[in-house]
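Asker: Structure in structure tokens, see below.
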Amino acid sequence: MSKNIGYRIGFWLLVAVIVVFSVFPFYYAIITSFRTGEGLYDSSLLLSTLNPQNYVELLSDENQPFLRHLFNSVMVATLVVAVSLFVSVTASYALGRVSFKGRGLLLLMVLAVSMFPQVAVLSGMFEMMRAFGLYGKTLGLILPYMIFTLPFTVWVLTTFMRDLPKELEEAAIMDGCTPWRIIKDVFMPLMWPALVSTGLLAFIAAWNEFMFALTFVNSNEARTVPVSISLLSGASQYELPWGKIMAASVIVTLPLISMVLAFQRKIVSGLTAGAVKG
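Structure representation (structure tokens):
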């Protein structure tokens, strides 16, 4: 009995350490975002007053239209998720349910794409963006973002698709359903946990992406929030506006935290799909 109590105490202490280690950076960003001037050098972990000056300056800065950049990020990340899930669902049906020669090799090729670092494909992608007339356009970021969202979504959804009962597909074929109708009406309702988990992780990847957004967009109006935060400046070239940077970080992080908390159960069930047989 005493041994079980010791294990429980140790377990909850470990959980507390992990929670503090994970939450503290965001908490410190929040309290720093409400400090200005000499208050930024205050090392205390409690706020005496709430000063929204950093948020006001951030949202009213005409040189860096943060709200416009925030809208650009939402638009690009949402479209990346929509296109990635559409392509991944159809690809996972072919790779998970249809037997054809070279299927394993094709899956390995999809995985191999994700092994290349961004800098390795930067020059080639730059030429492709210019050839397609997408350079400098916000929506043009969708194409390069698909490089690192598609391999993950295809692999997760293929694993999920393989584990769906064959009897459902056979019954749908007997009823005269086309492959697209089987995907839409039979498999899609069963794939929501996997779709939510892969879609959310693809959204986070597109939301946080920096290198492609910095390289392929040169207009201030077309930028996304990661680049916008990196370009925040103070009253002089020697001043680093930590308060505004922390305020921007808080604004950008809150939507992601809200979505993860809202869909945490589906995320876990989606990512563990196929882990247990039988």
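Heads up: the sequence shown begins at 1 in full-length UniProt numbering, then just goes up one per residue. By construction, the Cβ of each residue, glycine as well, lies at the ideal position given by its N, Cα and C atoms.
For Trp242, tell me which candidate among Leu139, Arg97, Gln53 and Glu170 has the shortest Cα-Cα distance.
Answerer: Trp242 has its Cα closest to that of Gln53, out of Leu139, Arg97, Gln53 and Glu170.
Asker: Would DSSP call Asn208 helix, strand or coil?
Answerer: Asn208: helix per DSSP, three-state reduction.
Asker: Identify which residue in Ala16, Arg103 and Ile30 has its Cα closest to the Cα of Thr253.
Answerer: When each option's Cα is compared against that of Thr253, the closest is Ile30.
Asker: Going along the chain, which residues of its own chain have a beta-carbon closer than 7 Å to the beta-carbon of Phe148, five neighbours each way excluded?
Answerer: Once the five neighbours on either side are set aside, the close Cβ partners of Phe148 are Ser114 and Ala205.
Asker: Taking 6 Å as the cut-off, is the beta-carbon of Tyr28 closer than that to any non-hydrogen atom of the ligand ADP?
Answerer: With respect to the ligand ADP, the structure offers nothing, as it holds no ligand at all.
Asker: Going by beta-carbon coordinates alone, are Ser22 and Val250 separated by less than 7 Å?
Answerer: No, Cβ-Cβ distance for Ser22 and Val250 is not below 7 Å.
Asker: Would you kindly work out how many angstroms separate the C-alpha atoms of Val260 and Phe152, rounded to a whole number?
Answerer: C-alpha separation (whole angstroms): 18 Å.
Asker: Taking 7 Å as the CB-CB cut-off, is Phe152 touching chain B?
Answerer: Protein chain content of the structure displayed is limited to a single chain, and chain B is not contained in it.
Asker: Jot down the residue ranges of each uninterrupted alpha helix (DSSP H) in the segment 171-230, minimum 4 residues, whole runs only, in chain order.
Answerer: List check, alpha helix (DSSP H) in window: 192-208, 211-216 and 225-230.
Asker: Classify Gly10: buried if its beta carbon has 16 or more other beta carbons within 10 angstroms, exposed otherwise.
Answerer: Classification for Gly10: exposed.
Asker: Once DSSP output is grouped into helix, strand and coil, what is the label at residue 348?
Answerer: Coverage of the chain is limited to positions 1 through 278, which leaves residue 348 absent and any answer about it impossible.
Asker: Taking DSSP as the reference, what is the three-state secondary structure of Thr149?
Answerer: Of the three classes helix, strand and coil, the one that applies to Thr149 here is helix, per DSSP.
Asker: Going by alpha carbons, who is nearest to Glu57 out of Ala262, Ser258, Leu256 and Lys244?
Answerer: It is Lys244.
Asker: Along the chain, where does the alpha helix (DSSP H) that runs through Thr90 open and close?
Answerer: Its alpha helix (DSSP H) spans residues Phe66 to Arg97.
Asker: Which residues in the same chain have their Cβ closer than 8 Å to the Cβ of Glu221, if we skip the five residues on either side of it in sequence?
Answerer: Within the same chain, Glu221 has close Cβ partners Pro65 and Arg68.
Asker: Compute the Euclidean distance between the alpha carbons of Val227 and Leu214, then round it to the nearest angstrom.
Answerer: Those two C-alpha atoms are separated by around 6 Å.
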